[in-house]
Structure formats: C-alpha cells, structure tokens
Amino acid sequence: MNKILIIEDEQAIAELEKDYLEMNGFEITVCNDGKTGQEVALNSDVDLIILDLMLPEVDGYEVCRRIREEKDVPIIMVSAKKEDLDKILGLGVGADDYMTKPFSPSELVARVKAHMTRYSRLVNAKKSNHNDILEIKGLRIDKTARRVFINGVEKQFTTKEYDLLLFLAEHPDEVFRKQDLFKEIWGMESVGDITTVTVHIKKIREKMEDDPSTPRYIETIWGVGYRFKVS
Ligand code: CA
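Now the structure itself:
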C-alpha cells in the first residue's frame, strides 16, 4: 500500500511533491491534466490521490466527484486559494482532506501517511469481513474456514476442541460451568461426564499457551468452571 497518484498541472509543484513522497518510500505517478488523471485514477490501482483543483481539461471538483462514484481511495485536494477550500467542503465532492498552496512538504507527507494508515485499516477490515474472523489477544479464529492462529501461527484443533475454544472466545469474560459447556458443545444432557470438558481444555491449552500451567486465554475458575480472559 504505497502508490500515490499526483494530479497537478504545475510541473514544479508536482516535482516537489513527487521528490518528497519518493524519499518517504512512496511510488509516484504524475498526471498533468484532469482528464488523464481521472482515467489513471479509475483504471489503475492507486492507494491515495493528491488532486489539484485548477486543472486543464477537467477541473479538480469534477475529477474528485467522478473518482468518488467508483472508489473510496483517499483524496487530498490542493488549491492556491483558501476560498476554494470552503467551496470543496460546501460542494461535498468527497475529498478526505485539503491543503492550501504553498504547503510544507513535510506536512504533505504527514497527511499522506495519516490517510494511508486509515485507508489500509479500512481495506483490511473489509477483507476480514469476507471471512468471519474473531480476533482477541493474538488469537485469530477464522470461523468460515474453521482455522485457528496464535500470533500468526496456525494450530490444529479437533472438532470439539475447536467448538469449545470458539464458544468461550465468543463469550469473553463470561464464566461457564463445566456441565453447561458440556451441554453446549456435546449437545446432550450430561450426568457426570464433565471430565471430558477438563480434558479438552487441557488439550486446548497445550496447543495455544506458551505455558499451559499459567494460561493467558482460558482461565480456571476454581469450583465453578472456565472463562476466556480478555484483560
Ligand atoms: Ca493548477
């Protein structure tokens, strides 16, 4: 996530922006008019757009509006006139930020980084919605694929171990009695077979804990049962 499109007709400004952003590890494409800029924005993968307002062919308002119809990529608008910025806001063209020229390159870089971070979070959140993911304290359960990862490393669980772990993780900080867990996971009225739960919890801990005797995840509540610890 580091591709930036600069749409700017003033060569000197475009060069300055390009140099500073490249120094900060970004990959830059420059377009010098609105029409080309809009085409590149819509037809290639860019992660952020710096868009000048006064442009030949198609102006920045229109370019911004057009991009927004199709993409939620961050757009920072720049203009030489402060008054224009009120207009950008007033028109609600969908820009994420705006700056008045001349601005310091370091301010531009700071804003670019801030928007990039926010956007990559958004993109990642969308990706993980694709599969149903539960994440707590380094534990990641992909419910769609029934896969479990601890700090990024996949761990293998049996069906019942998985069901038990997921059930507890989906009810963080709630204490469950062993007999209730048994009923929940094994799905039958239990009379005294709650040692099955104890055995399964032990197995789960061996797989997910660095030190199973002082568990970080599933805590024993003596005389009661278990709880998935969040804090
Ligand atoms: Ca201009």
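Numbering (this note's numbering), first residue to last: 13 to 243.
Glycine residues also receive a C-beta, built at the ideal position from the N, C-alpha and C atoms.
Looking at the strands, I want to know which residues DSSP matches up with residue i.
i      : result
Met89  : Leu63 and Tyr110
Leu151 : Ile148 and Ile162
Glu231 : Arg239
Lys167 : Val160
Along the chain, where does the alpha helix (DSSP H) containing residue i start, and where does it finish?
i      : result
Ile79  : Gly72 to Glu82
Lys47  : Gly46 to Asn55
Asp175 : Thr171 to Ala181
Using three-state DSSP, classify residue i as helix, strand or coil.
i      : result
Arg189 : strand
Ile197 : helix
Ile206 : coil
Gly104 : coil
Thr257 : The displayed coordinates of the chain run from 13 to 243. Any statement about residue 257 would go beyond what the structure contains.
Val42  : strand
Lys15  : strand
Tyr238 : strand
Glu20  : coil
Ser118 : helix
Asp222 : coil
Taking the beta carbon of residue i as the centre, do at least 16 other beta carbons fall within 10 Å, making it buried, or is it exposed?
i      : result
Asp57  : exposed
His183 : exposed
Val85  : buried
Gly72  : buried
Ile61  : buried
Leu67  : buried
Gln168 : exposed
Gly237 : buried
Measure the C-alpha to C-alpha separation of residue i and residue j and round it to an integer number of angstroms.
i      : j      : result
Leu17  : Met89  : 12 Å
Asp223 : Ser91  : 58 Å
Ile153 : Val165 : 11 Å
Phe240 : Ile206 : 18 Å
Ile25  : Ala137 : 35 Å
Ser225 : Leu178 : 21 Å
Asp175 : Met35  : 49 Å
Glu22  : Leu54  : 22 Å
Lys262 : Ile87  : Any property of residue 262 remains undetermined from this structure, which presents the chain solely from 13 to 243.
Glu231 : Ser132 : 34 Å
Lys155 : Phe161 : 11 Å
Ala122 : Cys76  : 21 Å
Leu151 : Met220 : 9 Å
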